[in-house]
Amino acid sequence: MDSEDEEDSYPEDEKWTDALEPGPDDVPAQVNDGSSVPGQAGTSGSHQGGQAKGHVSRMELNTNKAGMDGLDKEKINKIIMEASLGSRYYENEQKKDQQVNERIKKILAAKSKLMNNEVAAAQVKVDKMVKELERTRDLSRTIVHIDMDMFYAAVEMLEKPELREKPMAVGGTHMLSTSNYVARRFGVRAGMPGFIALKLCPNLVMVRPNFDKYRKYSKQVREILEEYDLNFCPMSLDEAYLDFTDHVVKRSTMSEKERTYMESVMNQPEGSVEKNEKKEEEGSEKSGDVTALLSTETAHSGESHDVDLQGGKLLGSISEAGEMGGQEDGVSGGKTHLFGISAEEAVREMRFRIQQKTNLTASAGIAPNCMLAKIASDMNKPNGQYVIKSTREEVMKFISNLPVRKVSGIGKVMEKILSAVGVKSCTELYENRAMLYKLFAPISFNHFLKISLGLGSTYVGRDGERKSVSTERTFGGKSRPEDLFRICEELCESLAQDVEKNGLKGRTLTLKLKTVTFEVRNRSQSFQNGICSFKDMHTAARDLLQTEIRACRPHPLALRLMGVRLSSLLSEEEIQQQQKQGSLISFFKKTQLKSTKSPPKTDNETNKTTVEDESCQKMESEMNKDNHFEQKSESLSSSNSPPKDSCKEENTNPLSREQIDEGSVEEDPSEGFTCESEAEVPRPSDNVDETEAESLSENQRYLCPVCNVEKPYNSLEEFNQHVDICLNKGEISTILHKQAKAGGQTSNVSQARSSAPMKRPSTSSSRSNKRMKTGRKRQYSTLDKFFAKNS
DNA sequence: CGGATCGAC
DNA sequence: CTATGTCGATCCG
Ligand SMILES: Nc1ncnc2c1ncn2[C@H]1C[C@H](O)[C@@H](COP(=O)(O)OP(=O)(O)OP(=O)(O)O)O1
Ligand SMILES: [Mg+2]
Ligand SMILES: [Mg+2]
Ligand SMILES: [Mg+2]
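Its first residue numbered 1, the first sequence is counted upward by one per residue in the UniProt record's numbering.
See below:
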């Protein structure tokens with residue numbers, strides 16, 4: 001019974017490309033090599049840390065995804081490079097790559113300084129940790145990770161079956177969110193811009209996303225998942241963790257009838273369209289597997305959990321529906337399928353039901369913990385499943401040659417870093433544990449150690465509360481302050497809606513900026529009391545933006561993206577609490593306001609009659625979310641052993657939230673709007689005209705980006721003042737924030753701000769208890785790094 | 001706390 | 001020409 005864990009092997013060497021693609025250049029770039037075992041990291045030894053220059057590893061294709069084995073990376077990367085060279089994006093990636101390289105250099109330096117006795121001492125400590133971890137190893141749970149195949153693409157193909165055989169991707173020329181497996185053969189994958197994908201695969205069909213549909217199908221799938229684990233944990237629209245332990249127990253008492261499901265009659269009216277020839281061999285292979293698994297065999301086998309170990313695909317998979325012709329004929333009507341009582345059979349059943357219900361396929365991994373289940377679900381990815389048996393031996397066997405990159409939470413950079421210190425596989429992770437202990441921060445090391453032992457969370461729990469809300473937008477380069485401020489305002493409006501809809505409040509507002517050179521900056525401000533209104537958030541965001549614009553001068557701040565995020569969200573209790581205090585204060589404040597009088601404010605602020613602050617605490621109890629379920633009240637004393645194993649996923653990336661899926665991968669806007677504003681950087685003009693008196697050496701000419709007038713100023717500050725005036729004629733952002741005491745003990749130093757010159761906090765009435773301001777004063781230097789290039 | 005980075009989908 | 005959006009975690013100063 002033991003022997004092999006795997007099943008559902010996946011066509012290792014597909015060559016379904018022949019008659020499909022016209023041009024010879026369109027032939028998927030793949031190399032021979034039929035290896036597709038769990039994976040094998042190059043045997044240690046050789047460090048390839050030092051990389052040849054002109055080799056921006058971060059630009060290379062990630063083949064770390066199902067359906068992308070055996071590609072001709074060289075050929076693909078060459079195309080990618082040619083398409084990218086010289087772009088601002090590329091330049092920035094190059095910069096980041098260098099930073100990573102320096103980081104590696106430091107680590108290597110630290111490594112070389114390690115003394116033998118240090119390492120030996122570390123070894124002792126680490127081995128104690130290992131012992132402790134080993135002591136708490138729990139192999140008693142049966143964890144399942146299920147993940148829909150090429151989810152968005154699959155949904156799109158439902159309505160356009162003719163796309164099944166063609167390379168297609170979801171997204172637009174700017175960005176793709178996923179691709180089908182045909183396209184993956186060309187190197188086309190999620191996160192790749194469409195225009196590059198087109199170079200890799202000229203016949204690629206790009207389909208715009210439709211998130212409502214994805215949500216709809218996701219919901220349907222979840223209805224099934226729920227039947228196997230009420231507490232299943234969705235990680236995104238298309239995947240989830242489930243604890244099958246209880247279900248398997250219950251399953252042994254279920255009658256055959258309860259484990260029998262009917263195969264829907266319909267299914268793919270199209271089946272195979274024109275070029276139906278395809279590969280007969282491949283088809284028959286699959287058909288064979290299918291028959292072996294489904295119906296008859298299993299049906300008679302009763303519940304023998306051994307028989308069901310037969311490898312093979314569940315169903316011919318809708319993508320191969322054509323080949324099923326023979327069978328369909330025979331049985332035509334509703335074929336029934338009996339599933340066994342083992343976990344694998346249960347999972348197979350679950351996948352079968354999903355496919356019957358939605359015509360979408362899913363893949364799954366079964367293992368004793370989340371980390372392993374996640375990896376396993378990718379093993380036989382397109383429409384398959386994989387089991388890692390619950391014995392220490394099997395786990396270690398699986399882990400042994402597994403490239404660390406396969407582990408969720410270890411990405412491109414960490415892979416590179418580890419590789420530089422001689423660690424590529426999980427065994428090497430274990431073998432080098434003492435060194436890693438010395439080189440990495442405790443949390444990271446802990447994570448590594450657990451991975452190296454094949455350990456992971458055995459708890460599948462509901463998401464905790466959301467920790468931040470944000471919205472951001474990419475637009476063509478814009479640099480005119482009025483444009484930037486308008487975008488900022490729109491973003492805040494959008495954010496305010498989200499915040500209100502979810503009844504949230506947060507203490508930190510962050511403005512995110514991405515320059516036209518792809519450099520990202522975050523600027524945040526914290527408050528003692530949570531904020532949630534458009535006005536409060538906008539005020540803060542606008543201030544931060546203004547500061548950045550100032551810091552850039554005399555250059556314009558040329559951006560390609562802006563975003564706003566509210567974090568440090570308050571718990572419900574805190575919101576309630578604050579609401580009480582707030583209402584008192586706002587009452588007090590209101591009366592005071594009348595006398596103070598507030599400037600008309602040109603802006604179109606949604607004149608809330610209520611005091612700006614509280615205006616968003618509604619949160620109807622309804623909520624579309626299924627967010628009920630208890631929250632683990634006790635928990636304090638740690639049921640687990642190590643520090644905190646918390647959520648499902650391993651240490652890192654307890655990704656949650658299901659709306660992550662909905663990136664903005666070019667929706668409707670037929671093309672990037674971008675607009676005008678060529679984001680050209682004027683430069684402060686160097687001709688020292690020095691016409692006027694003012695022989696100050698400082699006398700320089702600046703071009704005001706607002707009024708577009710260039711003239712000499714005595715100082716940069718004077719110029720800044722001019723722009724300020726020019727910018728917001730009556731700005732007076734003094735904004736009387738409301739008084740909010742709150743039990744904060746740290747006195748809130750109100751930093752001077754707004755219109756007035758700056759320096760000298762004296763003026764500016766913006767006292768308000770907001771703005772925590774840790775006594776730090778950041779000095780934005782006018783670093784005039786990059787200029788606009790080309791023309 | 002603030003900011004940068006990484007990772008995932 | 002053209003390189004996403006949303007969220008969580010970690011690390012460092
Ligand atoms: N980088 C991304 N940007 C935006 N959306 C993404 C990105 N990656 C994935 N998505 C969306 C689209 C995917 O269909 C969906 C699920 O992701 P994921 O499961 O990783 O891939 P996939 O389901 O498309 O293919 P498969 O699981 O078969 O490898 O999330
Ligand atoms: Mg998927
Ligand atoms: Mg997924
Ligand atoms: Mg990984």
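Ideal Cβ positions, reconstructed from N, Cα and C, are used throughout, including at glycine.
- Residue pairing for V170: DSSP places it in a beta bridge opposite T178, V207.
- Judged by DSSP secondary structure, R565 falls within the beta strand (DSSP E) whose first and last residues are 559-569.
- The beta carbon of I531 sits closer than 8 Å to those of K505, G506, R507, L509, M537, A540, L566, D613, K770, all from its chain and outside the five residues before and after it, given in chain order.
- For the region 439-486, the continuous alpha helix (DSSP H) assignments of 4+ residues that do not extend past its boundaries occur at 442-452, in sequence order.
- The DSSP-derived three-state label of L511 is strand.
- Shown here, G194 sits in a helix according to DSSP, grouped into three states.
- Within 7 Å of the C-beta of M379 there is not a single heavy atom belonging to ligand 2.
- Comparing alpha carbon positions, the residue from E431, E60, L559, A364 closest to E74 is E60.
- Contact annotation: R251 and I107 have beta-carbon atoms that are not nearer than 8 Å.
- Judged by beta-carbon spacing, H247 lies within the 8 Å limit of A346, meaning their Cβ atoms are closer than that value.
- Look at L504 here: in three-state DSSP terms it is coil, with no helix or strand label.
- For A367, the enclosing beta strand (DSSP E) begins and ends at 362-367.
- In the three-state reduction of the DSSP assignment, M150 falls in the coil class, being assigned neither a helical nor a strand state.
- V407 has its CB nearer than 7 Å to a heavy atom of ligand 4.
- Any heavy atom of ligand 2 within less than 7 Å of a residue's beta carbon puts that residue on the list, which reads D147, M148, D149, M150, F151, D238, E239.
- Here the alpha carbons of K467 and I224 stand approximately 28 Å from one another.
- CA-to-CA, the gap between E263 and R348 works out to about 14 Å.
- With a threshold of 7 Å, the Cβ atom of S177 does not count as near ligand 3, since no heavy atom of the ligand is closer than that.
- In the same chain as A434, and ignoring 5 residues on each side of it, the C-beta atoms closer than 6 Å to its own belong to V119, A122, Q123, V126, in chain order.
- Where N529 is concerned, the enclosing beta strand (DSSP E) starts and stops at 520-531.
- Rounded to whole angstroms, the separation of the alpha carbons of I575 and N383 is 46 Å.
- With a cut-off of 7 Å, the C-beta of S363 is classified as distant from ligand 3, since no heavy atom of the ligand falls inside that distance.
- Counting other Cβ atoms within 10 Å of its Cβ, E165 reaches 16 or more and is therefore classed as buried.
- Under the three-pair Cβ rule at 8 Å, the region 194-208 does not count as touching the region 216-235.
- The beta carbon of G411 sits no closer than 7 Å to any heavy atom of ligand 1.
- Cβ atoms of S179 and V188 come within 8 Å of each other, at about 5 Å.
- DSSP places A66 in the coil class of the three-state scheme, outside both helix and strand.
- With a cut-off of 7 Å, the C-beta of G191 is classified as near ligand 1, since at least one heavy atom of the ligand falls inside that distance.
- The Cβ-Cβ distance between E472 and G172 does not fall below 8 Å.
- Bounds of any alpha helix (DSSP H) do not take in D229, whose DSSP letter is neither H nor E.
- Spatial neighbours of Y217 in its own chain (CB-CB distance under 7 Å, excluding positions within 5 residues in sequence) are listed in chain order as V155, T358, L360.
- Residue pairing of S425 in beta bridges, as defined by DSSP: P403.
- Contact between the region 129-148 and the region 445-465 is present: three or more C-beta pairs spanning the two stretches fall below 8 Å.
- Straight-line measurement puts the Cα of S571 at about 45 Å from the Cα of A183.
- For M262, the uninterrupted beta strand (DSSP E) segment begins and ends at 260-262.
- If you compare the alpha carbons of N64, L237, V100 with that of V413, the shortest gap goes to V100.
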